[in-house]
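Numbering (the UniProt record's numbering), first residue to last: 1 to 189.
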């Protein structure tokens, strides 16, 4: 087989983001600080990102557009959903590493070796801790909702003890990647 073209993933990601910015209309997105849609362009900055492309880590640099909300007076970056704010590694890299640990039951050292030690062990440990905290919080909120819907609220205060959280975590460990991690569940009360 003769390759007709070589896929340049760095250019592809930049191109997709640039196309998004060309079609972006400030009225499409609500401001997190209020219900406003009144944005003006407010400069750019360079962002570095590490993506997972065909089992390889790809390092790219692209320009991020910032917008200013006239109503609340804050500035926001327009980031695609594949980027985790303040993270160098993309969402796909983090999810892939977590899936290797929680689904395939691999050790952190094995994950490091898989990526040729390009991701530090300590960073993967931090991802796991953050995921565990998020999972436990989501599971507690879900459980409280279920009990509230059934009209049976019993011992919610005592269920927040450390031992019971650990037991709950162990009982539901097999469900890790089945619970959607969204801010809507945490923010709605």
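By construction, the Cβ of each residue, glycine as well, lies at the ideal position given by its N, Cα and C atoms.
These numbers were taken from a predicted model, which means no experiment stands behind them.
Relative to the C-alpha of residue i, which candidate in the options has its C-alpha closest?
i, options, result
"residue 47", "35, 56, 39, 61", "61"
"residue 52", "109, 131, 94", "94"
"residue 85", "50, 40, 39", "50"
"residue 74", "124, 30, 104", "30"
"residue 37", "142, 72, 22, 18", "72"
"residue 113", "42, 23, 55", "55"
"residue 18", "65, 57, 133", "65"
"residue 42", "132, 67, 28", "67"
Grouping DSSP H, G and I as helix and E and B as strand, with all else coil, what is residue i?
i, result
"residue 119", "coil"
"residue 47", "strand"
"residue 69", "strand"
"residue 103", "coil"
"residue 135", "helix"
"residue 124", "helix"
"residue 4", "Per-residue confidence for residue 4 stands at a pLDDT of 37, beneath the threshold of 50, marking its modelled position as unreliable; the derived number appears in the next sentence. DSSP places residue 4 in coil when its eight states are reduced to three."
"residue 31", "coil"
"residue 108", "helix"
"residue 140", "helix"
Within the same chain, show all residues whose beta-carbon is closer than 6 Å to that of residue i, passing over the 5 residues directly before and after it, in chain order.
i, result
"residue 89", "50"
"residue 23", "none"
Would you mind sorting residue i into buried or exposed? The rule is 16 or more other CB atoms within 10 Å of its CB.
i, result
"residue 45", "exposed"
"residue 40", "exposed"
"residue 59", "exposed"
"residue 103", "exposed"
From the DSSP output, which residues share a beta bridge with residue i?
i, result
"residue 77", "66"
"residue 60", "49"
"residue 40", "68"
"residue 89", "50"
Looking only at its chain, what residues have a beta carbon closer than 8 Å to the beta carbon of residue i, apart from the 5 residues adjacent to it on each side?
i, result
"residue 109", "121"
"residue 277", "Here the chain has residues from 1 to 189 only, and residue 277 is not among them."
"residue 63", "44, 45, 46, 47"
"residue 111", "97, 100, 101, 119, 124"
"residue 69", "31, 33, 34, 36, 38, 39, 75, 76"
"residue 127", "94, 97, 98"
In its own chain, which residues sit with a C-beta less than 7 Å from the C-beta of residue i, not counting the 5 before and 5 after it?
i, result
"residue 106", "100"
"residue 129", "none"
"residue 131", "98"
"residue 115", "57"
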